[in-house]
Amino acid sequence: MARLDRRTDTRMERGCAVESSERHGDELTMATVVLTGFMGTGKTRIGQELARRLGRPFIDTDELIERAEGRPTSEVFAKRGEPYFRNVERKAVVQAVASSDAVIATGGGAIGDPEILACLQAAGPIVCLTASPEVILARTPAGSAGDIRPLLKGGSPRQRIAELLAARAPAYAGAELTVD
């Protein structure tokens, strides 16, 4: 298991205040752990449990967005559009990585943005949580009226999940660790 130690040499990289990570043989010393993955893969639930076990704060960038915007992320995305949402998400990530010794859960598409990805990579190792399209569909509101996630609209939710997973695969593949 990785050893987690607080690092004190904070630096600025691409506008993000981050704690440095260093690899010492097979041992990883870090201040922050970043969880990413598609919606419905358990980033929030696993992140909360990991933070509890490590005695660290848990930060969900979707919660930061919801507090800043005063509405659910799905509504921000649906009403303001993806470019606006990604800009707000970028700000939430910068805010999250400024906290040291944290477990951070990002939105599913966050690491597809090169600026967000660079910020998260500088903060600590990225762990990608995965699940099959069937599992994601079972965990994600996709059938009830008004509850469908904006990215799953426009056809079969199962098909949209498969398309988005394929489109995001290169970004997710860059994670230091993948957990299914």
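In my numbering, the protein residues as written are 67 to 246.
Glycine is no exception: its CB is placed at the ideal position from the N, C-alpha and C atoms.
In this text, all values refer to a predicted model and were calculated from it rather than measured experimentally.
Per DSSP, residue 171 is not a residue of any alpha helix (DSSP H); the beta strand (DSSP E) it occupies stretches across 169–171. Counting C-beta pairs closer than 8 Å gives fewer than three between the stretch 134–145 and the stretch 112–126, which falls short of the contact rule.
For residue 128, the secondary structure class from DSSP, reduced to helix, strand or coil, is helix. Cβ neighbours of residue 158 within its own chain (closer than 6 Å, five residues either side excluded): 127, 130, 131. Beta-bridge pairing by DSSP links residue 103 to 195. Residue 170 places its beta carbon 8 Å or farther from that of residue 245.
Boundaries for residue 110: no beta strand (DSSP E) harbours it, while the alpha helix (DSSP H) harbouring it runs 109–120, taken from the DSSP string. DSSP places residue 98 in the coil class of the three-state scheme, outside both helix and strand. According to the DSSP assignment, residue 244 belongs to the beta strand (DSSP E) that extends over 243–245. Between residue 234 and residue 175, the gap from beta carbon to beta carbon is short of 8 Å. Of all alpha-carbon atoms in 227, 198, 153, the one lying nearest the alpha-carbon of residue 180 is that of 153.
For residue 139, the uninterrupted alpha helix (DSSP H) segment begins and ends at 139–146. DSSP places residue 235 in the helix class (H, G or I) of the three-state scheme. In the three-state DSSP reduction, residue 178 falls in the helix class (H, G or I).
Inclusion of residue 231 and residue 193 in the CB contact set at 8 Å is not warranted, their separation being larger than that value.
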